[in-house]
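So the protein sequences, as listed, match chains A and B. Under our numbering, the first residue of the first sequence is numbered 1, with each subsequent residue one higher. Under our numbering, the first residue of the second sequence is numbered 424, with each subsequent residue one higher. A short write-up of the structure that comes next.
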Amino acid sequence: MIKGFMQRLGGLAAGLVLASVLLFASATNAWAGDKIYLKDGRVIDGDIVREVNGSVWVNYTIGGVEQKGAFFGAGDIDRIERDVAADPAPSDPIKPVQNDTAPKAEKRPGEVRGVVITLEGTVGIQFAAKALEEAIPWLEEQQVDVVVLKINSGGGLLLEIAKLHETIVNEFKPRFRTVAWIESAISAAAMTSHVLEEIYFMPEGNYGACTGWSGALVAVEGRGLEEVLYLMERASAEGKKAPEIMRSMQIEEPLSYNKSKDGEITWYNTEEGEFLVNATGRILTFDSVQAEQCKFSKGTADDLETLTRLLGYPEVNWLGKHVPGEIFPISRAEDGMRTWRDGVTKAEDNFQVYFVKYGLSIANAQSAQDRASRGRFVGEARRHLAIIERACKDFPNLKLLQGLTDEWFEQQHELLRELMRLP
Amino acid sequence: MKTNRNRVWAAAAAGVLAALGMAGPGASGASAAPAMWMQESADAPDQLIFKDGRIIEGEVLEETATTVRFLVVVAGIKGEQTYSKADILAIERGVRDESGKAGVVSEEADQAAEPSADEPTDGAPGVYMIELTGRFGRDIAPTPIRDAIKDAAKMRPDYLIVVVDNAWETAWGEKLADDEAAAFDQLFQTEDMEPIFTKELPEMLGYRPKIVVWVKNAMGGAAFLPFNFDTMYFSSEGRIGGIGRLEQIFGSTGDARVREKQFSLRLGHARGMANRGGYDARLIEAMARTEYVLSYRIDNGKAVLVEGAPNTDLGEVLLTDDGQAENADDIKALARGQGNDNLTLSASIAEILGVSQGTVDELDDLLYELGIDRNYRMLDSKSERIMKNWDRELEGAERSLRDLWTRFLNVQVQGEYRERTTARATQMSLLLKIKALLERYGEVYKVRMLRLPDGLPPIPALDVLHEQIRQEQMKDKP
């Protein structure tokens with residue numbers, strides 16, 4: 001049933017015609033690999049125990065002899081593949097190993113294990129299905145029962161929504177009790193969360209404003225709009241929500257409801273209901289009070305203790321390490337998610353600059369008067385192009401956003417080769 | 424946070440300098456031998472981590488943009504050594520210190536006294552006061568607030584009084600009108616500040632102190648801040664507003680539906696703040712949207728908000744009209760701050776509506792209202808000094824930016840190859856320093872409250888300029 005639903009979503013997604021829509025492909029696992037590939041060809045297989053600005057300290061073995069804290073400078077490293085089971089190496093000085101964030105002990109009878117995973121940033125960039133999927137093996141290994149997806153996002157790319165729906169519906173919901181905890185879920189972030197039956201708010205939470213648009217505030221219209229409306233009708237059904245609600249979040253239709261004596265809610269995309277939540281001509285965004293009043297939200301929680309109670313448990317073993325300033329323990333799954341976000345954000349920030357640097361290098365190579373000088377600029381260009389390629393490989397959505405293709409990269413390499421063929 | 428940023432920045436600056444091959448004067452990293460720290464005091468050593476993996480422990484005596492003067496102790500013998508940052512990967516401060524000192528560079532909060540010697544002997548509640556003055560987004564910014572909150576946390580206050588008294592003016596000191604459009608988006612700056620009070624402070628303390636907001640002037644982005652807290656007092660001249668005309672912020676750009684979406688999401692965020700503080704979120708709507716009509720009446724001594732025009736038979740009073748046609752505020756009303764197209768909460772109306780719990784002009788009166796005037800300890804707040812230091816830092820940064828940019832523009836690349844090389848190295852060094860300053864004060868720079876010299880390009884363009892110069896130098900190579 002669910003699979004069937006998701007297939008239809010997938011088909012729908014493929015048909016969406018939106019300028020800003022992107023599919024999200026694969027990406028480097030934030031935790032993947034403790035293999036250090038050095039520029040001289042050596043491959044060091046070990047555990048990174050410290051990392052500062054690209055330089056690493058590694059414990060590894062040569063011929064059975066353990067090398068502790070061996071240093072490899074950033075300049076000597078070609079690339080690193082990280083161990084899927086390991087935490088990201090700290091930048092702190094090497095210290096005795098502290099307690100793992102995850103419990104090693106067998107689960108106690110009646111123990112409920114929970115994890116909070118944040119989904120933040122732009123949907124399709126930082127807030128991505130791939131990063132969420134990669135948390136699953138660890139969550140299963142730890143026998144997690146409850147996964148709280150804490151949402152704080154202003155929206156993003158429409159086509160990632162179907163991917164996220166697929167991950168949440170097919171991968172998370174069958175395995176874990178998966179709930180959303182809303183700090184801010186705007187647009188694509190709300191549309192993503194909509195397939196979850198259980199939605200909780202933080203007091204300042206907001207959820208809605210799901211109108212599709214592109215460019216200079218131009219609305220999605222015509223068939224594209226109908227497809228997105230249909231996508232969200234299906235998502236509403238999956239999340240057991242009245243479709244009228246999402247409709248008022250997408251287009252300027254009013255929303256009101258009546259509440260029966262036994263608390264049952266009947267929704268209308270008109271103003272006829274006793275309680276008006278969205279006037280004609282407006283786009284709906286719920287706040288925590290409205291959402292709870294109309295039972296869209298299962299409750300409002302400012303902290304984990306309150307959320308535990310709302311979830312109906314006397315106690316939950318929330319896995320992770322307590323970090324000052326954080327309102328929930330940081331688990332390995334959450335740590336991985338944060339590393340993913342940092343990586344993609346950094347790549348996104350630098351993308352344009354490296355493009356310009358690459359262009360400058362090419363221009364200088366083309367105007368160089370002699371082979372030696374040209375060679376220097378071709379070298380520069382190759383270096384910048386490699387950085388762009390790496391970012392595209394690690395975060396393919398950036399590649400799509402820039403309209404880059406494999407052919408483009410091939411053309412650039414050919415151009416560089418041609419430049420070097422010149423006398 | 425500051426700790427990490429400083430560490431990263433020190434390393435980044437060193438890395439960039441290294442990339443430029445610009446060793447500073449007195450660089451002697453190559454002569455430094457691995458050293459062992461002989462701990463002679465309880466203080467934790469600093470560490471210099473070199474790019475070749477060596478780690479030297481000792482004490483940072485002085486740090487400039489290009490060098491680090493370092494006290495090295497080997498086998499009990501002390502010696503000073505100056506290292507080029509070009510050779511250094513990172514500077515770790517107080518690395519053996521588990522108490523949180525690590526990595527802090529001149530942090531105001533660290534200079535603060537330990538918990539006051541006059542610990543309560545009679546259970547008197549401790550009161551810590553933070554005054555948020557100056558321009559919102561500039562003087563009132565996350566970094567000084569966070570530093571002040573860290574200082575407050577050391578005192579373990581029972582009450583935290585937050586005075587909001589922002590200057591309603593631009594970064595350049597130009598006064599703003601009450602009905603200024605486009606201020607609503609300062610909301611997102613407030614969202615960076617509010618969690619410092621509501622999440623970080625309780626986490627630091629392990630309990631929630633009573634946070635009381637004392638509104639003297641909360642206009643623009645500052646208007647949202649008081650709504651996050653359930654206890655609000657006004658001074659007699661106090662007001663909250665300056666977030667109106669939301670519907671005008673995009674002009675006529677794009678489609679009405681998308682503009683509505685944009686208004687809706689912004690109001691969703693803002694209403695969330697009102698909900699956090701326990702206020703009726705419709706007040707936010709009345710403050711923001713011109714066409715929104717809101718009235719109130721008093722039922723059993725309590726104000727009840729009513730959407731729409733007032734029913735005078737029920738004693739209802741208009742708060743805001745729809746601002747259309749003859750209802751539009753005229754210049755007389757606007758000039759006197761008496762318009763009603765958008766709601767501006769004055770002390771009196773805030774008290775009537777139950778937003779303000781009282782109007783007080785003196786701290787003693789506020790403490791009286793809180794019921795602690797006879798038995799309280801005023802904690803030794805460093806917040807004023809922290810805020811002033813931040814202001815001085817910003818002004819210093821702006822002076823430096825002007826100076827650096829002027830120097831950059833005046834560099835002449837001419838003469839022999841060596842002179843040209845030196846000139847370009849100077850240009851690149853100046854650009855890096857400018858970029859470093861912009862990043863250091865990014866929270867102010869990004870919201871356009873840092874006063875920049877004319878013609879200074881944004882950070883990505885500085886990167887490109889730097890690369891152009893670097894490649895010019897490559898082209899120039901004989």
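Note that the Cβ used here is the ideal one computed from N, Cα and C, for glycine as well.
### Query
Counting Cβ pairs, one atom from each stretch, are 3 or more of them under 8 Å apart for the stretch 810-825 of chain B and the stretch 561-568 of chain B?
Yes, since at least three Cβ pairs between the stretch 810-825 of chain B and the stretch 561-568 of chain B fall closer than 8 Å, the two stretches touch.
### Message
Need the endpoints of the alpha helix (DSSP H) that B:Lys898 sits in, please.
### Response
Ile882 to Asp899
### Query
Going along the chain, which residues of its own chain have a beta-carbon closer than 7 Å to the beta-carbon of B:Ala536, five neighbours each way excluded?
Low confidence applies here, because B:Ala536 scores a pLDDT of 37, under 50, leaving its location unreliable; read the following figure in that light. The beta carbon of B:Ala536 sits closer than 7 Å to the beta carbons of Asp803 from its chain, once the five residues preceding and following it are set aside; these are given in chain order.
#### Entry: Under 9 Å from the C-beta of B:Glu486: neighbouring residues of chain A
Within chain A, no residue comes near B:Glu486; the closest Cβ sits about 17 Å away, beyond 9 Å.
### Query
Just reading off the beta strand (DSSP E) that B:Glu482 is part of, what are its end residues?
Ile478 to Glu486
### Query
What does DSSP give as the partner residues of B:Gly557 in its beta bridges?
B:Asn589
### Query
Can you find a CB in chain A that lies within less than 7 Å of the CB of B:Met552?
no
### Query
Under a CB-based cut-off of 7 Å, is B:Leu471 close to chain A?
no
### Task
Determine the direct distance from the alpha carbon of A:Arg382 to that of B:Ala846, and round the result to whole angstroms.
Cα-Cα distance, rounded: 27 Å.
### Query
What alpha helix (DSSP H) runs, 4 residues minimum, are completely inside the stretch 610-651 of chain B?
You should have 610-618 and 624-628.
### Proximal residues of chain B, C-beta to C-beta of A:Phe328 below 9 Å
Those within 9 Å of A:Phe328 in chain B number zero; the least Cβ separation is about 11 Å.
### Message
If distances are taken between C-alpha atoms only, which option among A:Glu197, A:Leu158, A:Trp181 and A:Ala347 comes closest to A:Pro174?
### Response
The residue with the shortest Cα to Cα distance from A:Pro174 is A:Glu197.
### Proximal residues of chain A, C-beta to C-beta of B:Arg682 below 8 Å
From the beta-carbon of B:Arg682, the residues of chain A found nearer than 8 Å are Leu217.
### Contacts that A:Arg282 makes with chain B (C-beta to C-beta distance below 7 Å)
Glu683 and Ser687
### Task
Provide the residue span of the beta strand (DSSP E) that contains A:Asp118, from first to last.
Before going further, note that residue 118 of chain A is Thr rather than Asp in the sequence given. Segment Arg113 to Glu120, the beta strand (DSSP E) holding A:Thr118.
### Task
Taking only beta-carbon positions, decide if B:Asn698 is within less than 7 Å of chain A.
yes
### Query
Can you give the Cα-Cα distance for B:Ala600 and B:Val585, rounded to whole angstroms?
Each residue's Cα considered, the two are about 25 Å apart.
### Message
Looking only at its chain, what residues have a beta carbon closer than 6 Å to the beta carbon of B:Glu515, apart from the 5 residues adjacent to it on each side?
### Response
Hits under 6 Å: Gln470.
### Query
For A:Gly222, is the classification buried or exposed, using 16 other Cβ atoms within 10 angstroms of its Cβ as the cut-off for buried?
exposed
### Query
Would a check of beta-carbon distances place A:Gly156 closer than 7 Å to chain D?
Going by chain labels, chain D is absent from the structure shown, which instead holds the protein chains A and B.
### Message
Quick check on A:Lys150 - is its C-beta less than 7 Å from some C-beta in chain B?
### Response
no
### Message
With a threshold of 7 Å between beta carbons, is B:Glu626 in contact with chain A?
### Response
yes
### Task
Residues of the stretch 802-829 of chain B with a CB closer than 8 Å to any CB of chain A: list them in chain order, please.
Within the stretch 802-829 of chain B, no residue qualifies.
### Any C-beta of chain A under 7 Å from that of B:Val870
Not one chain A Cβ lies under 7 Å of B:Val870.
### Task
With 7 Å as the threshold, decide whether the Cβ of B:Leu692 is near any Cβ in chain A.
Checking the sequence shown, residue 692 of chain B turns out to be His, not Leu. Yes, its Cβ sits closer than 7 Å to a Cβ of chain A.
### Task
Just grab the DSSP bridge partners of A:Asn317 for me.
A:Arg113
### Query
Looking at A:Val218 and A:Val179, is the spacing between their C-beta atoms short of 7 Å?
Contact: no.
### Query
Counting contacts by CB-CB distance shorter than 7 Å, is B:Glu890 in contact with chain A?
yes
### Near-chain B residues of the stretch 343-376 of chain A - C-beta to any C-beta below 8 Å
Against chain B - using a Cβ distance shorter than 8 Å - the residues of the stretch 343-376 of chain A are Gln352, Val353, Val356, Lys357, Leu360, Ser361, Asn364, Ala368, Ser373 and Arg376.
#### Entry: chain B contact residues for A:Glu204, given Cβ-Cβ distances below 7 Å
Gly695, Met696, Asn698 and Arg699
### Message
What are the residues in the stretch 611-643 of chain B lying within 7 Å of chain A by C-beta distance?
### Response
Lys622, Glu623, Glu626 and Met627
### Query
At least one CB of chain A closer than 7 Å to the CB of B:Ala758: is that the case?
no
#### Entry: Within-7 Å CB hit, A:Ile186 to chain B
yes
### Task
Go ahead and label A:Pro423 buried or exposed: buried means 16 or more other beta carbons lie within 10 angstroms of its beta carbon, across all protein chains shown.
exposed
### Query
Which class does A:Leu416 belong to by DSSP, given the choice of helix, strand or coil?
helix
### Buried or exposed by the 16-neighbour rule on C-beta atoms within 10 Å, applied to B:Arg668
buried
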